[in-house]
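Let me begin by presenting the structure, written as structure tokens, before commenting on it.
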Amino acid sequence: MPTVTVTATATPEAANDGGPCKRDDLVFNMSSQRDSYAGSQRPEFRITVVNMGGGSCVLDKGALDLRVTSGDDRIWSSRACHRGGPSKVTLRRGVPLVDTVTWNRRRGCERGTAARPGTYVAELRHHDVERRIFHLR
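At position 32 of the sequence shown (counting the first as 1) the number is 399 in the working numbering, and the numbers step up by one without a gap.
Shown next as structure tokens:
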């Protein structure tokens, strides 16, 4: 008598390949190498985004807004001062996107006045990320 083997194959759920990233699927982090900047040194902040969703998705980097404030005074915004380059990137699951944002120490964009020495706060708006307190000397 012949033997019959039955194999069941599960059909995986469709991955989110190329659609917009879902906020709940993304993990954000912000770091900096220093907490004090002298003279013409420009504060740099590293933003890392990891997609933990089921597949690739598209992130609009232009929606990321790193803001520098002093008290209630908004000094600078990466979103308002964004220049050049494509703002949409594809994030593969588990592969970090690392972006460095550098502040030119000016109030507003390009032609603003130089920021004064003092204490400032860098914050990645609308994301649950620890803000960075730093000093200009």
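Even glycine gets a Cβ: it sits at the ideal position worked out from N, Cα and C.
A quick note: this is a predicted structure, and the numbers were derived from the prediction, not measured.
Annotated three-state conformation of D495 is coil, per DSSP. DSSP, read as helix, strand or coil, puts G429 in helix. Straight through space, the alpha carbons of V394 and G461 are spaced by roughly 10 Å.
In chain order, S423 place their CB closer than 6 Å to the CB of R459, counting only its own chain and leaving out the 5 sequence neighbours on each side. As computed with DSSP, T436 is found in a beta bridge with R441 and V488. Cβ neighbours of E411 within its own chain (closer than 6 Å, five residues either side excluded): T467 and T469. DSSP, reduced to helix, strand and coil, places R390 within a helical segment of the structure shown. If you draw a straight line from the Cα of R498 to the Cα of L431, it comes to about 14 Å.
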